[in-house]
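The UniProt record's numbering numbers the first residue of the sequence shown as 1 and each following residue consecutively.
What follows is one structure encoded as structure tokens, with my remarks underneath.
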Amino acid sequence: MQCCWLPSHKSRNMLDAEIEAVGSDIALLCQDLRKAVEQITEAETRVSGVEDSVGILQEKINKLEAVTKELTLRAEDTEGRARCNNLRFVGFLKGCEGQLVDTFLAKWLCSATNQPDVLPLIRDGQGTLVVDPLELAHRFEMFFRATYARQELLPHASKKK
């Protein structure tokens, strides 16, 4: 009598074929696994490089923000100082000076000095005189001298250096 647990020749060939198919599947899986490991390693390398770059870029951003803040403060300070040095015209309609402020003021001063009562009196909120008309004329004269110095003398002075 034959044992039922011994494989027959056909069943052994089928088992060998199955084992060979499983072995080739395992080989393909191993190959795919190696590719995945290579891709993961490459991705980790890239991520590491990006993390290093982020630290450097963050430092640069902080420096640039500090410089921007300092330059903004300087610009605001310069604007404030320039605003303090501006002449204030009281009693004139807005825009009546046109494009050439110095020409307008020269003509106005010539006509105003011939008629002293036309000079605007600068008064505070209670109606008291704050600036004497002669003081106002003196301020205009100083303004014209400064304008002349900026326009005529400074360009020549820079050429001499």
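For every residue, glycine included, the Cβ atom is placed at its ideal position computed from N, Cα and C.
Length of the line joining the Cα atoms of residue i and residue j
i, j, result
"residue 99", "residue 72", "30 Å"
"residue 149", "residue 51", "57 Å"
"residue 49", "residue 22", "40 Å"
"residue 55", "residue 27", "42 Å"
"residue 118", "residue 101", "For residue 118, the predicted structure reports a pLDDT of 47, less than 50, and the residue's modelled location is therefore unreliable. A value from the coordinates is still provided. Cα to Cα, the separation comes out at about 19 Å."
"residue 59", "residue 145", "49 Å"
"residue 53", "residue 63", "15 Å"
"residue 13", "residue 39", "39 Å"
"residue 137", "residue 91", "15 Å"
"residue 1", "residue 10", "Note that residue 1 scores 46 on pLDDT, short of 50, meaning its location in the model is unreliable and no value can be drawn from it."
"residue 77", "residue 68", "14 Å"
"residue 24", "residue 42", "27 Å"
Beta carbon of residue i nearer than 8 Å to that of residue j
i, j, result
"residue 105", "residue 140", "yes"
Neighbour flag for residue i against chain D, beta carbons, 8 Å
i, result
"residue 82", "Here there is only one protein chain, and chain D is not present."
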